[in-house]
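Converting from the sequence shown to our numbering requires adding 9 to each position, the first position being numbered 1.
Using N, Cα and C, we set each Cβ at its ideal position, and we do this for glycine too.
In what follows, a single structure is set out as structure tokens and then discussed.
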Amino acid sequence: MSQKETFQSNLAEIDEIIIKCEKNGNKEFADKIKEKLNNIFRSYASEVYFDDGLDTIYSNYDVSKVFNLAKALYSGNEVQQEYSYAVFREIAKLYNDIDTNLPK
10 MSQKETFQSN LAEIDEIIIK CEKNGNKEFA DKIKEKLNNI FRSYASEVYF DDGLDTIYSN
70 YDVSKVFNLA KALYSGNEVQ QEYSYAVFRE IAKLYNDIDT NLPK
């Protein structure tokens, strides 16, 4: 699986986890995930202009913003593409952290 495919898979899982946590009354854990997504977004958003709207397959706005950011960076110049790989790695790390700390 390529880095891009892994990124999309991780985002889909994160999106589902947020939804499940909110439905199961674990809003605090979902809010922590959203906060980390926003931190990733803010770290890289200044590198490219893009529309952060909800034109993605993801239900959660914070997940969609990160997806659109990575998509814009990935289709940019060589430096922007390197930033997209950094976003991919950040999401992989976040996914592993969530998977490790997900309340059972």
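Cβ-based neighbour list, residue i, same chain, cut-off 7 Å, excluding 5 preceding and 5 following
i    : result
D108 : none
N47  : D71
P112 : N35 and F38
E99  : I49
Y104 : N19, E22 and I23
Q89  : E56, V57 and L82
Proximity winner among the options, relative to residue i (alpha-carbon distances)
i    : options                : result
S55  : Y104, D106 and V96     : V96
I66  : K13, G34, L111 and Q17 : Q17
N85  : A101, K102 and Y58     : Per the sequence presented here, residue 85 reads as Gly, with Asn not at that position. The residue with the shortest Cα to Cα distance from G85 is Y58.
N110 : K32, S11, I42 and E14  : I42
K102 : K45, K80 and K32       : K45
R51  : F76, E14 and E31       : F76
Proximity test, residue i beta-carbon vs the ligand FAD heavy atom, cut-off 8 Å
i    : result
D108 : No copy of the ligand FAD appears in this structure; indeed no ligand is present at all.
Cβ-based neighbour list, residue i, same chain, cut-off 6 Å, excluding 5 preceding and 5 following
i   : result
Y92 : Y53, E56 and L82
E31 : A39
Contacts around residue i, its chain only, beta-carbon distance under 8 Å, and the 5 residues preceding and following it disregarded
i   : result
Y94 : Q12
Below 8 Å, can you find three or more Cβ-Cβ pairs linking the region 69-80 to the region 22-33?
Touching, yes, given that three or more Cβ pairs across the two stretches are closer than 8 Å.
Every unbroken alpha helix (DSSP H) within the region 27-90, with a cutoff of 4 residues, ordered by chain
Within the region 27-90, the complete alpha helix (DSSP H) segments of 4 residues or longer fall at 36-53 and 70-83, listed in chain order.
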